[in-house]
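Each residue of the sequence shown is one higher than the one before, counting from 1 in full-length UniProt numbering. Don't be surprised by glycine CBs; every beta carbon is placed ideally from N, CA and C.
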Amino acid sequence: MPQGQPTVVPDDGLTTRQRRNRALVMVHTGIGKGKSTAAFGMALRAWNQGWPVGVFQFVKSAKWKVGEENALKALGETGKGGTVTWNKMGEGWSWIQRDPKDGEQSHEDKAREGWEQVKRDLAEERYKFYVLDEFAYLLHWGWIDTAEVVEVLRNRPGQQHVVITGRNAPAELCEFADLVTDMSKVKHPMDAGQKGQRGIEW
Numbered sequence: 001m002p003q004g005q006p007t008v009v010p011d012d013g014l015t016t017r018q019r020r021n022r023a024l025v026m027v028h029t030g031i032g033k034g035k036s037t038a039a040f041g042m043a044l045r046a047w048n049q050g051w052p053v054g055v056f057q058f059v060k061s062a063k064w065k066v067g068e069e070n071a072l073k074a075l076g077e078t079g080k081g082g083t084v085t086w087n088k089m090g091e092g093w094s095w096i097q098r099d100p101k102d103g104e105q106s107h108e109d110k111a112r113e114g115w116e117q118v119k120r121d122l123a124e125e126r127y128k129f130y131v132l133d134e135f136a137y138l139l140h141w142g143w144i145d146t147a148e149v150v151e152v153l154r155n156r157p158g159q160q161h162v163v164i165t166g167r168n169a170p171a172e173l174c175e176f177a178d179l180v181t182d183m184s185k186v187k188h189p190m191d192a193g194q195k196g197q198r199g200i201e202w
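What follows is the structure in structure tokens.
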């Protein structure tokens with residue numbers, strides 16, 4: 001299998017091994033389909049390496065049953081790879097915005113509560129691979145401060161990889177990240193009036 005070769009070798013004082021094993025922050029953004037799917041694919045690789053994986057699902061409804069959740073949780077229980085923990089951060093946002101009922105936390109409060117949990121887990125080095133699914137929306141909406149997120153990620157201890165998904169990832173986050181993929185859309189079945197379907201969208 002061919003190995004990726006860097007186009008430059010920075011004068012950063014690191015050995016090739018140290019540079020190769022540096023923990024990464026990755027962002028999957030853009031209007032195209034596949035941002036979360038690609039992140040979950042990376043989580044499969046992390047699981048295969050025996051890494052503890054933490055998934056934080058932010059804005060899809062907690063009632064939304066995604067195939068990746070079932071598959072990754074089942075793999076995590078086999079004992080053959082890493083553990084997998086799936087965190088649904090409240091009701092969040094599904095495809096329809098709903099106002100919270102009386103006495104319920106707002107969607108914004110739930111999102112911030114979820115971010116506080118991520119910060120605690122990073123500080124404790126609980127996982128080696130984090131998926132912050134749809135997290136970019138929260139930064140774009142101003143629910144969570146992008147500068148704070150960048151600072152927390154910059155100072156995270158140990159060997160913790162983080163992938164963030166969602167449209168409209170802020171420029172400040174993209175500039176800081178090690179890997180940024182902007183997924184563009186060329187065509188989508190919904191453009192022709194076709195709704196999402198089993199096995200493709202979920």
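Applying the 10 Å Cβ sphere with the 16-neighbour rule, what's the burial state of residue i?
i      : result
Ser36  : buried
Met190 : exposed
Ile31  : exposed
Arg19  : exposed
Asp133 : buried
Val186 : exposed
Asp121 : buried
His188 : exposed
Lys88  : buried
Ala74  : exposed
Val9   : exposed
Gln5   : exposed
If you check the beta carbons only, do residue i and residue j fall under 9 Å apart?
i           : j      : result
residue 285 : Phe129 : Any property of residue 285 remains undetermined from this structure, which presents the chain solely from 1 to 202.
Trp86       : Ala111 : no
Val180      : Val59  : no
Gly193      : Trp202 : no
Ala169      : Thr29  : yes
Is residue i helix, strand or coil by DSSP?
i           : result
Ser94       : Note that Ser94 scores 40 on pLDDT, short of 50, meaning its location in the model is unreliable and no value can be drawn from it.
His140      : helix
Lys88       : strand
residue 254 : Because the chain here runs from 1 to 202, residue 254 falls outside it and cannot be looked at.
Val66       : coil
Asp145      : coil
Val186      : coil
Thr78       : coil
Asp178      : coil
As a quick exercise: from the options, pick the residue whose alpha carbon is nearest that of residue i.
i      : options                           : result
Leu24  : Gly193, Ile200, Arg167 and Gly158 : Gly158
Glu124 : Glu148, Gln160 and His140         : Gln160
Gly76  : Phe56, Gln5, His107 and Ala43     : Ala43
Gly82  : Gly50, Ser106, Asn70 and Glu113   : Gly50
Gln150 : Ile200, Ala39, Lys119 and Asn168  : Note on residue identity: the sequence assigns Val, not Gln, to residue 150. Nearest option by C-alpha distance: Lys119.
Ile164 : Lys88, Ala39 and Gly13            : Ala39
His107 : Glu175, Phe135 and Arg198         : Phe135
For chain B, find out if any of its Cβ atoms is closer than 9 Å to the Cβ of residue i; answer yes or no.
i     : result
Leu75 : Here there is only one protein chain, and chain B is not present.
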